[in-house]
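J.:
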Amino acid sequence: MGKAKKMLACCLVMALISGCWDNRELNDQAIQLAAGLDWTEDQTYIVSNQFARNPEAGQSDMKSQTGFYTEIAEGKTPMAALAAMQSKVTRIINRGQRRSLVIGDKLARRGFKDILDFILRNAESPMRVDLFIVKKGDASDLLKSSTPFGGQSLREYYKLHQANYGAVDVTFTDMIRMMNELSHSGNFMPAMEKVSKKGSEKIDDPKQAVYRFAGSAVLDNDAKLLGYLNLEETNNSLWIVNWPHRHLITVTTPDGTGTITIQLRGTKSKWKMKKNDIKNMQLNMSANITLVENTSNLDLLNTENLDAIKKELEQEIERQMKLLIRKFQHDLHIDAIGVGEYLYRNHPQHWRTVMDEWQNTFPAIDFSCSVRLKFTRFGLTGASGYLKKEEVKDPL
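Under the numbering used here, residues 22 to 417 are what the sequence shown spells out, in order.
1. Three Cβ pairs or more, each shorter than 8 angstroms: is that satisfied between the stretch 381-393 and the stretch 296-307?
2. Note down the Cα distance separating residue 395 from residue 194, rounded to an integer number of angstroms.
3. Would you list the residues sitting across from residue 393 in a DSSP beta bridge?
4. Among 111, 244, 344 and 119, which has the Cα closest to the Cα of residue 57?
5. Spell out a yes or no on whether the stretch 61-76 and the stretch 23-33 are touching, meaning 3 or more CB-CB pairs, one atom from each, closer than 8 angstroms.
6. Can you tell me whether residue 129 is helix, strand or coil according to DSSP?
7. Please classify residue 120: does DSSP put it in a helix, a strand, or coil?
8. Could you check the C-alpha separation between residue 153 and residue 393 for me, to the nearest Å?
9. So what does DSSP say about residue 271, is it helix, strand or coil?
10. Taking buried to mean at least 16 other C-beta atoms within 10 Å of its own C-beta, is residue 351 buried or exposed?
11. Assign residue 367 to one of two classes, buried (16 or more other C-beta atoms within 10 Å of its C-beta) or exposed (fewer than that).
12. Are there 16 or more other CB atoms within 10 angstroms of the CB of residue 192, so buried, or fewer, so exposed?
13. Checking 8 angstroms against the spacing of the C-beta atoms, do residue 249 and residue 212 come in under that value?
14. How big is the Cα-Cα spacing for residue 110 and residue 74?
15. From what residue to what residue does the beta strand (DSSP E) around residue 50 run?
16. Report buried or exposed for residue 221, applying the criterion of at least 16 other Cβ atoms within 10 angstroms of its Cβ.
17. Go through the stretch 351-392 residue by residue and report every complete run of the alpha helix (DSSP H) that reaches 4 residues or more, in order.
18. So residue 150 packs on residue 121, CB below 8 angstroms; how close in whole Å?
19. By Cβ distance below 8 angstroms, which residues in the same chain neighbour residue 360 in space, the five residues on each side in sequence not counted?
20. Using only alpha-carbon positions, find the residue among 179, 178, 247 and 184 that is nearest to residue 208.
21. Would you mind giving the Cβ-Cβ distance between residue 273 and residue 280, rounded to the nearest angstrom? I have them listed as a contact below 8 angstroms.
22. Could you check the C-alpha separation between residue 223 and residue 124 for me, to the nearest Å?
23. Take every Cβ of the stretch 130-139, pair it with every Cβ of the stretch 229-245, and state whether three or more of those distances are shorter than 8 angstroms.
24. So, under 8 angstroms CB-CB, residue 216 and residue 233 are touching, yes? Tell me the CB distance rounded to an integer number of Å.
25. Give me the DSSP bridge partner(s) of residue 95.
26. What does the alpha-carbon distance come out to for the pair residue 254 and residue 268?
27. Can you tell me which residues form a DSSP beta bridge with residue 302?
28. Does the Cβ of residue 419 have 16 or more other Cβ atoms within 10 Å, making it buried, or fewer, making it exposed?
29. Only counting the same chain, and skipping five residues up and downstream in sequence, which positions put a Cβ closer than 8 angstroms to that of residue 143?
30. Just the Cα atoms here: how many angstroms apart are residue 90 and residue 167?
31. Is it right to say residue 236 is buried, meaning 16 or more other beta carbons lie within 10 angstroms of its own, or is it exposed?
32. Tell me the DSSP secondary structure of residue 46 in three-state form.
33. Give the straight-line distance between the Cα atoms of residue 106 and residue 356, rounded to the nearest whole angstrom.
34. What is the DSSP secondary structure of residue 241, reduced to helix, strand or coil?
35. Taking 8 angstroms as the limit between beta carbons, can you name the residues of its chain near residue 335, skipping five residues before and five after?
36. Per DSSP, what kind of secondary structure is residue 4 in: helix, strand or coil?
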């Protein structure tokens, strides 16, 4: 009988503590899906918020089915802009569900470190946020755009980043960590750009997405935009910093009869200081490769052809990496590829001698690169399936 009373008491307690104890009803809240920030020529902030909404029952037109709407407000400071935003929204803004933070190009070039401080001080702000830059555009325009899949557009762009960039909901926290731990290093994060309306990419249908993944934006430690990396440079940078991502490379075959496209898997990279000299660094890279396309006349079941292609790929990757490192050294003037972090963690004595002059030391370093690839899969056929037997070329 004692056990029965205890069970009954537990059930009563659980009944009392179950349910939602939020003092704000869901119908009284505006669920914020994403936030955008821009800088104007009048030295003011433009804040744009994307809110979730439910279509009215019985309506079937596209406009009523849109799962979001965007509101815009302006202010001299971020807080003033947010206050203006709340004055336009009939419900209390709930920022706990925000998944994306969008920064316009003008604000990024000015620097948005003050915005990061404001977000970190706001108790409602989630830390797992997808942070990205709008290349040569405004965040407010992106938040107002739609995608072919409907629903919340920023959720679709979030998935787009995931497909191209890997884990995207840690970009905000990763940036904060880098700014706190390594004051001499930069960072790079996803960038979006508006699709050109010329030629085959013309978009007249409002259902179509007008923004695409454009690579990455490079920022200094003060969250100020220094420049952009294209898709190839972004993939190579992600490889250098060991960030999981989708990476395709296409090269022309040595005989010039076509191209080979491979996908990299299990990419790894590691910095190494040569001869105990901080101004001589080597980047060692490795990956498993899968053949995804062969438009040449080569039979890749032949080991000689396979070795020749692998050598061509390794040389091409080494060339790309040297160009990328040179861009960070002499065009962007920032170390965003982990060289300083490697020295800080593995050679602290050497690091202390250069840390105060790292901005001047980094461009003067002599870099070398070594790439080792291993074919793991190349399909069930060696030559292209459409070739006749007599068209297949002999081994190189």
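Ideal placement from N, C-alpha and C gives every residue a C-beta, glycine not left out.
All values reported here derive from a predicted model rather than from experimental measurement.
T.: By the coordinates alone:
1. Yes, they touch.
2. Using only the alpha carbons, I get a separation of about 34 angstroms.
3. In DSSP, residue 393 forms a bridge with 307.
4. The option with the nearest alpha carbon to residue 57 is 119.
5. In this structure the stretch 61-76 does not lie against the stretch 23-33, because fewer than three pairs of beta carbons, one per stretch, are closer than 8 angstroms.
6. Correct three-state label for residue 129: helix.
7. Of the three classes helix, strand and coil, the one that applies to residue 120 here is coil, per DSSP.
8. Rounded to the nearest angstrom, the two C-alpha atoms are 32 angstroms apart.
9. In this structure, residue 271 counts as strand in the three-state DSSP scheme.
10. With fewer than 16 other Cβ atoms within 10 Å, it is exposed.
11. Exposed.
12. Residue 192 counts as buried, since no fewer than 16 other beta carbons sit within 10 angstroms of its beta carbon.
13. The criterion of a C-beta distance shorter than 8 angstroms is satisfied by residue 249 and residue 212.
14. The C-alpha of residue 110 lies about 13 angstroms from the C-alpha of residue 74.
15. For residue 50, the enclosing beta strand (DSSP E) covers residues 50-60.
16. With a pLDDT of 42 at residue 221, under the threshold of 50, the predicted position of this residue should be treated as unreliable, and no value is reported.
17. If we require 4 residues or more, the alpha helix (DSSP H) runs fully inside the stretch 351-392 come out as 360-367, 369-375 and 379-382.
18. Residue 150 to residue 121, Cβ: 7 angstroms. Contact.
19. Same-chain partners within the cutoff: 292, 302, 383 and 386.
20. When each option's Cα is compared against that of residue 208, the closest is 247.
21. Yes, they are in contact, since the Cβ atoms of residue 273 and residue 280 sit about 6 angstroms apart, within 8 angstroms.
22. Residue placement at residue 223 is flagged as unreliable, the pLDDT there being 49, under the threshold of 50; the coordinate-derived value follows with that caveat. Rounded to the nearest angstrom, the two C-alpha atoms are 25 angstroms apart.
23. Contact holds: three or more Cβ-Cβ distances are below 8 angstroms.
24. Contact holds; Cβ gap of about 5 angstroms.
25. DSSP output for residue 95 lists 67 as bridge partner(s).
26. Here the C-alpha atom of residue 254 lies approximately 11 angstroms from the C-alpha atom of residue 268.
27. Residue 302 pairs with 294 and 388.
28. Missing from the structure shown is residue 419; the chain here goes from 22 to 417 and no further.
29. Residues 116 of the same chain have their beta carbon placed closer than 8 angstroms to that of residue 143, with the five preceding and five following residues left out of the count.
30. So the alpha carbons of these two residues sit roughly 10 angstroms apart.
31. Buried, since its Cβ has 16 or more Cβ neighbours within 10 Å.
32. Coil.
33. Counting only the Cα atoms, residue 356 lies some 38 angstroms from residue 106.
34. Residue 241: coil per DSSP, three-state reduction.
35. Exclusion of the five residues before and after residue 335 leaves 392, 393 and 394 as the residues of its chain whose Cβ lies within less than 8 angstroms of its Cβ.
36. The first residue shown for the chain is 22 and the last is 417, placing residue 4 beyond what the model contains.
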